[in-house]
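Comments concern the structure below.
4 protein chains.
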Amino acid sequence: MASYGNDKEDYLKRLRRIEGQVRGLQKMIDDDKYCIDILTQVSAVTRALQSFSLGLLDEHLAGCVVDAAAKGGPEADAKVREASEAIARLVRS
Amino acid sequence: MASYGNDKEDYLKRLRRIEGQVRGLQKMIDDDKYCIDILTQVSAVTRALQSFSLGLLDEHLAGCVVDAAAKGGPEADAKVREASEAIARLVRS
Amino acid sequence: MASYGNDKEDYLKRLRRIEGQVRGLQKMIDDDKYCIDILTQVSAVTRALQSFSLGLLDEHLAGCVVDAAAKGGPEADAKVREASEAIARLVRS
Amino acid sequence: MASYGNDKEDYLKRLRRIEGQVRGLQKMIDDDKYCIDILTQVSAVTRALQSFSLGLLDEHLAGCVVDAAAKGGPEADAKVREASEAIARLVRS
């Protein structure tokens, strides 16, 4: 089971809401809505995706990374490096 | 017509691709995919949304803002202030 | 005169405060302060730099870009493109 | 000793370079340099601060967090929560 197993339904719900927001953006473009209003809406979607990522990352640290560290050995180092790279991608995007 | 009028089809195409990526994320969660792989994919969606916003903003500056400035008067100031606020939301999200 | 000419002293004051914060970070490292406290302080510096950039960009749009647009001609296009590239660097960093 | 203890000199060197860049920005403002060139330079400083944070965070995860996890107990949870909050501040700034 993935680290986020217990919250799977919550994560799916968030993504469905984001999908709906992206469809809403298509309707805004289709209806020639004002640029600035579209940009405001895109910022909302970006923030929702960020919260989604931060939630997932927190569960990954508390699950996978802590478990590997509790077992000890080189696996913990590999997990930390992998998590750090994912964090760098999040921070830089 | 909105500033992005000539590129409407291109913007819609990008949003449909982003919508597909968000549906792909739902499938990844549903299939218990590895957290880090999901996070990588979310970063890709975030970057696609950013490019979308930056394109729209560029057309807004070149269209609405430049037009208002060419006409002169207080409208230009209002358009710049509005654009600056949208840029701040983009930078901070 | 640069677009920010009237606020030069304000911008310098902000940068001196940021310089002081960066020196404060050096002292924190030197004193072996806790990582998380250092990270909190770096986030504050990053936000201060962002506000600085957003202020400067707003004055650039209201000054250089609006002036070029008021004059008309190809210069306005060049100024918008240049501003859009600077915005993209801000958003992506 | 802090998690970054072995790299203290490297972190101090980075911060001194950043401090120099911030002083360079003051000189640019003082010399009425072009807005866009200043913005480019601010983006470079922001990226340098980001790399600094990401390095520190990686050492914190590999040090403090992994150590707490290896010991087990509630301390590991507290360390993960604290790290997640720091990551959220980084991502959102």
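Protein chains in written order, with my numbering: chain W, 1 to 93; chain P, 101 to 193; chain A, 201 to 293; chain R, 301 to 393.
C-beta atoms are modelled at their ideal positions from N, C-alpha and C, and glycine is treated no differently.
Please read all numbers here as calculations on a predicted model, not as lab measurements.
#1: Could you tell me if residue 17/W is buried or exposed, where buried requires 16 or more neighbouring beta carbons within 10 angstroms of its beta carbon?
#2: Mark residue 214/A as exposed unless 16 or more other C-beta atoms lie within 10 angstroms of its C-beta, in which case mark it buried.
#3: At least one CB of chain R closer than 8 angstroms to the CB of residue 5/W: is that the case?
#4: Under a three-way DSSP split, which group does residue 203/A fall into?
#5: Below 8 angstroms CB to CB, which residues in the same chain sit around residue 376/R once its five sequence neighbours on both sides are set aside?
#6: With DSSP run on the structure shown, which of helix, strand or coil describes residue 334/R?
#7: Residues of chain C with CB under 9 angstroms from residue 71/W, in chain order?
#8: Should residue 243/A be flagged as near chain P, meaning a C-beta pair shorter than 8 angstroms?
#9: Would you kindly work out how many angstroms separate the C-alpha atoms of residue 132/P and residue 345/R, rounded to a whole number?
#10: Please check if any C-beta of chain R sits within less than 8 angstroms of the C-beta of residue 266/A.
#11: Applying the 10 Å Cβ sphere with the 16-neighbour rule, what's the burial state of residue 279/A?
#12: Return no unless some Cβ of chain P is closer than 8 angstroms to the Cβ of residue 287/A.
#13: Of all the alpha helix (DSSP H) runs that stay within the bounds of the stretch 356 to 384 of chain R, which reach a length of 4 or more residues?
#14: Taking C-alpha atoms, which residue in 112/P, 126/P, 140/P lies nearest to residue 90/W?
#15: Classify residue 93/W as helix, strand or coil using the three-state DSSP reduction.
#16: Are the C-beta atoms of residue 93/W and some chain P residue less than 8 angstroms apart?
#17: Have a look at 373/R, 329/R, 357/R and flag the residue whose alpha-carbon is nearest the alpha-carbon of residue 82/W.
#18: Under 9 angstroms between beta-carbons, which chain R residues line up against residue 282/A? List them in chain order, please.
#19: Report yes or no: is there a C-beta of chain A within less than 8 angstroms of the C-beta of residue 375/R?
#20: Kindly say whether residue 62/W, judged by its beta-carbon, lies nearer than 8 angstroms to any beta-carbon of chain R.
#21: Please classify residue 19/W as buried or exposed, where buried requires at least 16 neighbouring CB atoms within 10 angstroms.
The relevant details are as follows:
#1: Counting every other CB atom within 10 Å of its CB across the protein chains shown gives residue 17/W a total below 16, marking it as exposed.
#2: By the neighbour-count rule (16 or more Cβ atoms within 10 Å), residue 214/A is buried.
#3: no
#4: coil
#5: 365, 368, 369
#6: Looking at residue 334/R - three-state DSSP - the assignment turns out to be coil, as it is neither helix nor strand.
#7: No chain C is part of this structure, whose protein chains are labelled W, P, A and R.
#8: no
#9: 39 angstroms
#10: no
#11: So residue 279/A ends up on the buried side.
#12: yes
#13: For secondary structure counted as the alpha helix (DSSP H) over 4 or more consecutive residues, the stretch 356 to 384 of chain R holds these complete runs in sequence order: 366 to 371.
#14: 140/P
#15: Correct three-state label for residue 93/W: coil.
#16: Closer than 8 angstroms to the CB of residue 93/W there is at least one CB belonging to chain P.
#17: Check the Cα spacing between residue 82/W and each of 373/R, 329/R, 357/R: the tightest is with 357/R.
#18: 336
#19: no
#20: yes
#21: buried
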